[in-house]
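Taking it in order: structure first as structure tokens, then the write-up.
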Amino acid sequence: PTKSKELARQMKGRLSPRVLQILSSAGKIGDELDLQVYAVGGFVRDLLLGTENLDIDITVEGDGILFAETFASRFGCRCKGHIKFGTAVIVFPDGFKIDVASTRLEYYETPAALPVVERSSLKMDLYRRDFTINTLAIQLNQSDFGLLIDYFGAQRDLQEQNIRVLHNLSFVEDPTRVFRAIRFEQRLGFHIARHTENLIKNAVKMDFLHKLGGKRLLSELVIIFKERDPFGAVERMANLGLLRFIHPVLKLDAMNRRLLEEVKPVISWFELLFLDRKYEKWVVYFLALCEILTHDEFIEVCKRLAVSEHYREKLAEMRRLGERVLDAFNRRGAKCRPLQPSEIYRLFNDLAVEVLLYLMARTKSEEAKKALSLYFTKLQGVHTILTGDDILALGVARGPMVGELLEQLLAARLNGAVMSRDDELNFIRQAIVNNVVFSQQDTGPCSES
Ligand code: CTP
4 PTKSKELARQ
14 MKGRLSPRVL
24 QILSSAGKIG
34 DELDLQVYAV
44 GGFVRDLLLG
54 TENLDIDITV
64 EGDGILFAET
74 FASRFGCRCK
84 GHIKFGTAVI
94 VFPDGFKIDV
104 ASTRLEYYET
114 PAALPVVERS
124 SLKMDLYRRD
134 FTINTLAIQL
144 NQSDFGLLID
154 YFGAQRDLQE
164 QNIRVLHNLS
174 FVEDPTRVFR
184 AIRFEQRLGF
194 HIARHTENLI
204 KNAVKMDFLH
214 KLGGKRLLSE
224 LVIIFKERDP
234 FGAVERMANL
244 GLLRFIHPVL
254 KLDAMNRRLL
264 EEVKPVISWF
274 ELLFLDRKYE
284 KWVVYFLALC
294 EILTHDEFIE
304 VCKRLAVSEH
314 YREKLAEMRR
324 LGERVLDAFN
334 RRGAKCRPLQ
344 PSEIYRLFND
354 LAVEVLLYLM
364 ARTKSEEAKK
374 ALSLYFTKLQ
384 GVHTILTGDD
394 ILALGVARGP
404 MVGELLEQLL
414 AARLNGAVMS
424 RDDELNFIRQ
434 AIVNNVVFSQ
444 QDTGPCSES
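Under my numbering, residue 452 is the last one in the sequence shown; the count climbs by one each step, no gaps.
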């Protein structure tokens, strides 16, 4: 192994005091239990690259669960062990987690199956990993704290920016690594080494990726779509012929390529506007990638990816509805009167935010873009002040009319016709007097979904 004490100094400069403290405590506990303890994998890779990574993976030569339990009891953490795999998770009171593994030899009895696990040395453990850049370890025991262990030329590949497998069967053992290779290449701005790329092409030719279960395939796609800029990875997937493993007719053409590029500014706009809003960014990219598919093909993709039936049906339905709304916008001529806010609200309110963002990226109609933007900034989440009980209190009989009145009231609020509670009360009283509850005075937009 290549060893360097220089790293201990770099660690002090680059890691937070808390992380440093955790690592040095792990080393001390290793000493007490007479176990060799290492930080390994992506954490070390990113440390050397100078990128923050708070996923600390610790590998213990020997009984990792004993180590994890001791660490947890010493620092008031919880510990969840997985005896069969020799792994454990240490959970701090504030939720911060550390993964602990025992050095292990993983092997796969059949391609794409879950690994069988046996104990082995650190070197064998690291040899079983996906790419050289993920095989670095840092010793944590006190006497050698900060010693960098590099068995497989990881430092050189980090310098030369290579994604390289350790052996020829890597993608056969675990086809998800094909997607991981692309993800690391795009995220780090590295390149997949030539031999590694040939192995990918070979795995594609031999159809190994068909053996990949839907769940595992989906989770790789989700991680790719959560990256800062997924477009490059999708393009790489297309060039390497991977899209057909998602669906036989799925490809990247001028249409969905444009759309995928369009998604990024839409998402930036949305995230800037709603800083803390929870949403699934990956769904927007997923919908964009699938733009060229029919409704039935989209359902097939969801089935291939083991998307739950409930979510699949919901998403497919919203996708269909959203496309109809865009068609309706496209059919509107210049002579059509502008849509009222309440009409815009009604068009979009049944659609999830992910679908709306997809539509925003997709539409070429300026009017649709403006309507979506208005919906996001002004209309969504608008409520009437009065409730059904208030309307009953005004003497309206229990029944569908209450809901109808509330809907009209909401429309009035969306259109700026009522502002205060008094306005709302007056509006309802007037509606009762005029008995206009069911009469739709408005002729509606020119074309409707
Ligand atoms: N690993 C692997 N084969 C896989 C998945 C993971 O060999 N199919 C190894 C990798 O070497 C990786 C380690 O397991 O370093 C931990 O996996 P994960 O947390 O997914 O990877 P990170 O490298 O931490 O990636 P990220 O930065 O995206 O979290």
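Where is the CB? At the ideal position from N, CA and C, for every residue including glycine.
- Secondary-structure assignment with DSSP links residue 134 through a beta bridge to 168.
- Taking the Cβ atoms as the reference, residue 145 lies roughly 47 angstroms from residue 217, outside the contact range of under 8 angstroms.
- In the structure shown, residue 105 adopts extended strand secondary structure according to DSSP, grouped into three states.
- Non-local beta-carbon contacts of residue 359 in its own chain, meaning distances under 8 angstroms to residues more than five positions away in sequence, involve 325, 351, 375, 378, 379 in chain order.
- For secondary structure counted as the alpha helix (DSSP H) over 4 or more consecutive residues, the segment 292-358 holds these complete runs in sequence order: 298-307, 312-334, 344-351.
- Residue 30 has no beta-bridge partner at all, per DSSP.
- Under the three-state reduction of DSSP, residue 386 is assigned to coil, being neither helix nor strand.
- Between residue 148 and residue 28, the CB-CB gap reaches or exceeds 8 angstroms.
- Taken from the Cβ of residue 65, every heavy atom of the ligand CTP lies 7 angstroms or farther away.
- For the set 322, 256, 407, 233, the Cα lying nearest the Cα of residue 288 is the one of 233.
- Residue 389 has its alpha-carbon roughly 11 angstroms from the corresponding atom of residue 397.
- Note on geometry: alpha-carbon atoms of residue 382 and residue 344 lie some 7 angstroms from one another.
- The Cβ atoms of residue 370 and residue 430 lie no closer than 8 angstroms to each other.
- In this chain, the beta strand (DSSP E) harbouring residue 84 covers 81-85.
- The segment 125-139 and the segment 150-167 touch, with three or more beta-carbon pairs separated by less than 8 angstroms.
- Residue pairing by DSSP places residue 100 opposite 94 in a beta bridge.
- For residue 36, the secondary structure class from DSSP, reduced to helix, strand or coil, is helix.
- For the alpha helix (DSSP H) assignment, the uninterrupted runs of no fewer than 4 residues enclosed by the segment 368-441 are, from N- to C-terminal side, 369-377, 391-396, 403-417, 424-437.
- In this structure, residue 180 has its beta carbon less than 7 angstroms from a heavy atom of the ligand CTP.
- Leaving aside the five residues that flank residue 413 on each side, the residues in its chain whose CB is nearer than 6 angstroms to its CB run, in chain order, 387.
- The segment 165-182 makes contact with the segment 208-217: 3 or more CB pairs, one atom from each, lie closer than 8 angstroms.
- Look at residue 198 here: in three-state DSSP terms it is helix.
- When DSSP states are grouped into helix, strand and coil, residue 71 belongs to the helix group.
- With a cutoff of 8 angstroms on beta-carbon distance, residue 117 and residue 221 are scored as not near each other.
- Of the candidates 208, 177, 235, 235 places its Cα closest to the Cα of residue 186.
- Under the three-state reduction of DSSP, residue 279 is assigned to coil, being neither helix nor strand.
- Counting along the chain, residue 142 sits inside the beta strand (DSSP E) bounded by residues 140-142.
- Comparing alpha-carbon positions, the option among 361, 407, 349 lying closest to residue 385 turns out to be 349.
- Between the segment 394-411 and the segment 360-367, the count of C-beta pairs closer than 8 angstroms stays below three; the two stretches do not touch.
- For residue 60, the beta-bridge partners assigned by DSSP are 102.
- Comparing alpha-carbon positions, the option among 249, 391, 291 lying closest to residue 266 turns out to be 291.
- The beta carbons of residue 103 and residue 67 sit about 5 angstroms from each other, so the pair counts as a contact at 8 angstroms.
- Only residues of its own chain outside the window of five on either side were considered, and among them 186, 189, 190, 236 have a CB closer than 8 angstroms to the CB of residue 230, listed in chain order.
- Rounded to the nearest angstrom, the gap between the Cα atoms of residue 256 and residue 263 is 11 angstroms.
- Distances taken from the Cβ of residue 44 to the heavy atoms of the ligand CTP include one shorter than 7 angstroms.
- Per DSSP, reduced to three states, the secondary structure at residue 150 is strand.
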